[in-house]
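A.B. asks: Please read through the structure below; I'll follow up with questions.
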Amino acid sequence: MRRTALLAVASLAAILIQLTVLNTLSLPGGAAPDLVLILVVAIALTGGPTQGMLTGFFAGLALDIAPPASHLVGQSALVFCLAGYAAGRLSGDLGRASWLPLGALALCAAGGEALFAAVGMVFGDPGVSWPAVRQVLPVSVGYDLLVCPFVLYAVLAVRGWAAGGRLAYGGGRASPAGAPARSVRDTGAGRSPRLRAGAARSGDGWIGGAGQRAGRAAAQAFPSRPLHLRLRGGQPGSARGDAVARTFAARPVHMRFGNSRGGSARTSPAAKARPVRPVHLRLGGKRRPGKGLGGKGLGGRALGGKGLGGRGLGGRGRGGRAPRGSALRRSGPGGSSLSGGGPALGSGFRSGYGKSAKPRFRRQPSRRKALRTKAPRGLGGRGRARFGRRSRVWRIGSRRTGGLS
Amino acid sequence: MHDTRRTRLVLGVLLAAALVLITLDYRDGAASPLSGLNSFGSSVFGSAEGAVSLVTGPVRRLAGGSGSSAEVASLQRQVTQLRAELSQERLSRAQSAQLESLLQLAGRGGYRIVAANVIAAGPAYADMITIDIGRQDGIKPNETVLNGSGLVGTVTTVSTRTATVLLTTDASATVGVRLAGTGLIGAVTGTGKAISSGGLLRLEVFSASAQLRPGEQLVTFGSASGRPYVAGVPVGVITRVEAAGSSLMSQALVRPFVNVASLGVVGVVVAPPRTNPRDSVLPPKPAPSPAPTPAATRGATATPTATTGSGG
Numbered sequence: 000m001r002r003t004a005l006l007a008v009a010s011l012a013a014i015l016i017q018l019t020v021l022n023t024l025s026l027p028g029g030a031a032p033d034l035v036l037i038l039v040v041a042i043a044l045t046g047g048p049t050q051g052m053l054t055g056f057f058a059g060l061a062l063d064i065a066p067p068a069s070h071l072v073g074q075s076a077l078v079f080c081l082a083g084y085a086a087g088r089l090s091g092d093l094g095r096a097s098w099l100p101l102g103a104l105a106l107c108a109a110g111g112e113a114l115f116a117a118v119g120m121v122f123g124d125p126g127v128s129w130p131a132v133r134q135v136l137p138v139s140v141g142y143d144l145l146v147c148p149f150v151l152y153a154v155l156a157v158r159g160w161a162a163g164g165r166l167a168y169g170g171g172r173a174s175p176a177g178a179p180a181r182s183v184r185d186t187g188a189g190r191s192p193r194l195r196a197g198a199a200r201s202g203d204g205w206i207g208g209a210g211q212r213a214g215r216a217a218a219q220a221f222p223s224r225p226l227h228l229r230l231r232g233g234q235p236g237s238a239r240g241d242a243v244a245r246t247f248a249a250r251p252v253h254m255r256f257g258n259s260r261g262g263s264a265r266t267s268p269a270a271k272a273r274p275v276r277p278v279h280l281r282l283g284g285k286r287r288p289g290k291g292l293g294g295k296g297l298g299g300r301a302l303g304g305k306g307l308g309g310r311g312l313g314g315r316g317r318g319g320r321a322p323r324g325s326a327l328r329r330s331g332p333g334g335s336s337l338s339g340g341g342p343a344l345g346s347g348f349r350s351g352y353g354k355s356a357k358p359r360f361r362r363q364p365s366r367r368k369a370l371r372t373k374a375p376r377g378l379g380g381r382g383r384a385r386f387g388r389r390s391r392v393w394r395i396g397s398r399r400t401g402g403l404s
Numbered sequence: 000m001h002d003t004r005r006t007r008l009v010l011g012v013l014l015a016a017a018l019v020l021i022t023l024d025y026r027d028g029a030a031s032p033l034s035g036l037n038s039f040g041s042s043v044f045g046s047a048e049g050a051v052s053l054v055t056g057p058v059r060r061l062a063g064g065s066g067s068s069a070e071v072a073s074l075q076r077q078v079t080q081l082r083a084e085l086s087q088e089r090l091s092r093a094q095s096a097q098l099e100s101l102l103q104l105a106g107r108g109g110y111r112i113v114a115a116n117v118i119a120a121g122p123a124y125a126d127m128i129t130i131d132i133g134r135q136d137g138i139k140p141n142e143t144v145l146n147g148s149g150l151v152g153t154v155t156t157v158s159t160r161t162a163t164v165l166l167t168t169d170a171s172a173t174v175g176v177r178l179a180g181t182g183l184i185g186a187v188t189g190t191g192k193a194i195s196s197g198g199l200l201r202l203e204v205f206s207a208s209a210q211l212r213p214g215e216q217l218v219t220f221g222s223a224s225g226r227p228y229v230a231g232v233p234v235g236v237i238t239r240v241e242a243a244g245s246s247l248m249s250q251a252l253v254r255p256f257v258n259v260a261s262l263g264v265v266g267v268v269v270a271p272p273r274t275n276p277r278d279s280v281l282p283p284k285p286a287p288s289p290a291p292t293p294a295a296t297r298g299a300t301a302t303p304t305a306t307t308g309s310g311g
């Protein structure tokens, strides 16, 4: 409720600023930045596709009926809705580099501008002629690029403020889907947000904590950069991401990355190290299960150091929401579930254990940093589930792959 | 949640809703069931824009304000009796200068006007503005809007306290014009954003043999009963004559007198002049063909009254 009100207020403010200030500024080039579009895309990038497209639709509709509008009612709603959806879809896959969220923001904004022009041309708006588009589109996209970082910063700041320490960032709803690990992340540093030129370490976020309290809360709630795998009897719901830290107190599982040679996880079958009962640990393989960690790489303790890409596990919060009813919850009443200890393990890390399997993974602490910093994106990176499609989770269940080898 | 069936369902519903809205608006135009939605949006957002522009307006005007203080003082003395109802504190100096020239132009042409402020401007591909007067100030659609320099546009939609103006430079605006001096008749159409320099008009004179020259001035020809354009309002000056080609009409590019990028105070003509002012409203420093200024209509009807809108 509060979030809805905030989104509405932000959209209305953006619309009014757009109409009364930006459009009347008569900037060189004859165009103005589209603040509303950028805001919608930024909200979608930090909040997900549903939030993005709902905000986009209603903000666009409001922009369509606000007075000096000549285009068709629904045109902006259509375009902004699509832009919000696209940005929300992109948002799960952007933590890899510092420029990616801004790049995605710019890309979606440019796409939205182009789509708006295209819709105008389709419906025969006399103002939207091809020469006019050629004049206006590059200039407005350029202004959009200038405005992008500030809007993103503001959205993050407001989100951090609105979360009030309960949630660090992103997707808001305290859903069982778990902690939202969006592309724009909170490093939990307990300070006001700041734009960082680049991530010096690969574990770094590129935007600092989203507000002080929120940052601290994030640091406490998601001590996620070191990998924690906790094992618990697989009662339904036990694998939910947000409940991990509290409910999985029973029996810690120590993962051991035994073999640190490059590519070992990929090449050597893990049959030797396999525990008695088969363990199905899925590290988000995308298309080729054989390349994912679940296919070959993971025996009981043979998680190759390089194979288990440090970025996929070690601190890059990726697509943190496990869909409801994912593989995590399908391990049967007596089975065990393995889940990530926070946003670090999300949709990129799906696992399902066989019944009453009790593997013991021990992770060597000294290798943690090496994993994070030097590991290529071999398995964890490439095999990461990009958008967390549910169908994939179904497909790569234990039934089909039949184990790890 | 990230991309589930529900997300796609919501997306589909929203897209369908948007397409339905577009289709309804595209098919039915003003008679569509969306007109209620439109008027609702106009009233709500118009009021909000008026309120916001009270704050942002002075900032914008600071950027455009000019003129020495002595000039401003003299101009203020001249127009004191004409802007009796304008609250002094709400007017910056730039505004009062604009209002003064507006009243002078209205006085020359005999237009009865209502002064207004521009509070918002339109989307990327359209040249439209919102002004802070509306139905309660006596504004009706299809009334001419002008400022101290010449023709601004025409009122398209009116809500209670705001009105939307289609500028002459918009690609969908066409104004019947008459060339000062020669009396040739033509029409100017806005070019929108299609020309890089921006804000130009394209003149088509309904005569293949017309000899157009750069520097010739244009006034509005005038519509029946002054809607949507009253007669005699200065429009612009020819800057470039284009080769006729095979067209039946002579074409030229016209630079409007009004700089649409810096509109401040405008006036809506609520009553056309009793007699056609012909070329008398044109600025006094003409170019190659000095327009004859018939003195008959000057001063006879030039008692404009200016009222200001309550301003949202």
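Chain order of the listed sequences is B and R. Mind the numbering: the first sequence is residues 0 to 404 in numbering that gives the first Met the number 0, read in order. Mind the numbering: the second sequence is residues 0 to 311 in numbering that gives the first Met the number 0, read in order. Beta carbons are placed, not taken as given, at the ideal position from N, Cα and C, and that holds for glycine.
1. For R/VAL9 and B/THR49, I'd like the C-alpha separation in whole angstroms.
2. To the nearest angstrom, how far is the alpha carbon of R/VAL229 from that of R/LEU166?
3. Please confirm if the stretch 62 to 74 of chain B is in contact with the stretch 85 to 98 of chain B, defined as three or more CB-CB distances below 8 Å between the two stretches.
4. The alpha helix (DSSP H) spanning B/LEU21 covers which residue range?
5. Ends of the beta strand (DSSP E) at R/THR238?
6. Measure from the alpha carbon of R/GLY235 to the alpha carbon of each residue in R/SER222, R/PRO276, R/VAL259, R/ALA120, then state which is nearest.
7. Do you know whose CA, among R/VAL54, R/LEU14, R/ARG5, lies nearest B/ILE16's CA?
8. Starting from the beta carbon of R/PHE44, find every residue of chain B whose beta carbon is closer than 8 Å, and list them in chain order.
9. Using the three-state DSSP reduction, which class does B/PRO277 fall into: helix, strand or coil?
10. In the DSSP output, what is R/PRO255 paired with across the bridge?
11. Can you tell me whether R/LYS192 is buried or exposed, with buried defined as 16 or more other CB within 10 angstroms of its CB?
12. Considering only residues of the same chain and omitting the five flanking positions on each side of R/LEU211, which have a CB-CB separation below 7 Å?
13. Ordered along the chain, which non-local residues of its own chain (more than five positions away) have a Cβ less than 7 Å from that of B/VAL135?
14. Return the bridge partner residues of R/VAL21 from the DSSP annotation.
15. Check the Cβ-Cβ distances between B/LEU38 and every residue of chain R, and say whether any is below 9 Å.
16. R/ILE118 versus chain B: which residues are under 8 Å apart at the beta carbon?
17. Can you tell me whether B/THR3 is buried or exposed, with buried defined as 16 or more other CB within 10 angstroms of its CB?
18. Starting from R/GLU99, trace the beta strand (DSSP E) in both directions and tell me its first and last residue.
19. Could you give the distance in angstroms between the alpha-carbon of B/LEU53 and the alpha-carbon of R/THR161?
20. DSSP three-state call for R/LEU176: helix, strand or coil?
21. For R/ARG226, collect the residues of the same chain with a Cβ closer than 6 Å to its Cβ; drop the 5 residues on either side in sequence, then sort them by chain order.
22. If we ignore side chains and look at the alpha-carbon of each, how far apart do R/MET127 and B/GLY47 end up?
23. So, is the C-beta of B/CYS80 closer than 9 Å to a C-beta in chain R?
24. Restricting to Cα atoms, I'd like to know which of R/LEU202, R/THR181, R/ILE184, R/PRO272 is closest to R/THR190.
25. I need the DSSP call for R/LEU36, collapsed to helix, strand or coil.
26. So which residues on chain R does B/SER139 lean against when the C-beta distance must stay under 9 Å?
27. Taking Cβ positions, are R/ALA123 and B/ALA76 nearer each other than 9 Å?
28. Using 8 Å as the Cβ pair cut-off and three pairs as the minimum, do the stretch 37 to 52 of chain R and the stretch 60 to 68 of chain B touch?
29. Are there three or more Cβ pairs, one per stretch, closer than 8 Å when the stretch 101 to 114 of chain R is compared with the stretch 164 to 179 of chain R?
30. Roughly how many whole angstroms lie between the Cα atoms of R/THR219 and R/ALA120?
31. With burial defined as no fewer than 16 other Cβ atoms inside 10 Å of the residue's Cβ, what is the status of B/VAL150: buried or exposed?
32. Run through the stretch 155 to 232 of chain R for me and flag every whole beta strand (DSSP E) of 3 or more residues, listed as ranges in chain order.
33. Mind pulling the chain B residues with CB within less than 7 Å of R/LEU33?
34. Please state if the CB of B/VAL39 and the CB of B/GLY111 are separated by a distance shorter than 9 Å.
35. Where does R/ILE138 sit, in a helix, a strand or coil, going by DSSP?
36. Under 8 Å Cβ to Cβ from R/VAL12, same chain only, skipping five residues before and after it: list those, please.
C.D. replies: With the structure as the only source:
1. 7 Å
2. Our two residues, R/VAL229 and R/LEU166, have alpha carbons roughly 15 Å apart in a direct line.
3. no
4. Unbroken run through B/LEU21: none, as it is neither H nor E.
5. 233 to 241
6. R/VAL259
7. R/VAL54
8. Those are ILE14, LEU15, LEU18, ALA61, ILE64, ALA65, PRO66, listed as they occur along chain B.
9. Model confidence at B/PRO277 stands at a pLDDT of 44, short of 50, so the residue's coordinates are unreliable; what they give is reported in the following sentence. Taken through DSSP and simplified to helix, strand or coil, B/PRO277 comes out as coil.
10. R/GLY235
11. buried
12. VAL204, ILE237, VAL240, SER249, ALA251
13. Excluding positions up to five away in sequence, the list reads GLY29, ALA30.
14. Here the sequence assigns Ile to residue 21 of chain R, which means Val is not the residue at that position. Answer is none; R/ILE21 lacks a bridge partner.
15. no
16. The contacting residues are THR19.
17. exposed
18. Per DSSP, R/GLU99 belongs to no beta strand (DSSP E); it is in the alpha helix (DSSP H), 92 to 108.
19. 29 Å
20. First, the amino acid is wrong: residue 176 of chain R is Val here, not Leu. Looking at R/VAL176 - three-state DSSP - the assignment turns out to be strand.
21. ASN141
22. 34 Å
23. Judged by the 9 Å Cβ criterion, B/CYS80 is in contact with chain R.
24. R/LEU202
25. helix
26. ALA123
27. no
28. yes
29. no
30. Using only the alpha carbons, I get a separation of about 24 Å.
31. buried
32. 162 to 166, 173 to 178, 184 to 189, 200 to 204, 216 to 219
33. VAL72
34. yes
35. coil
36. none
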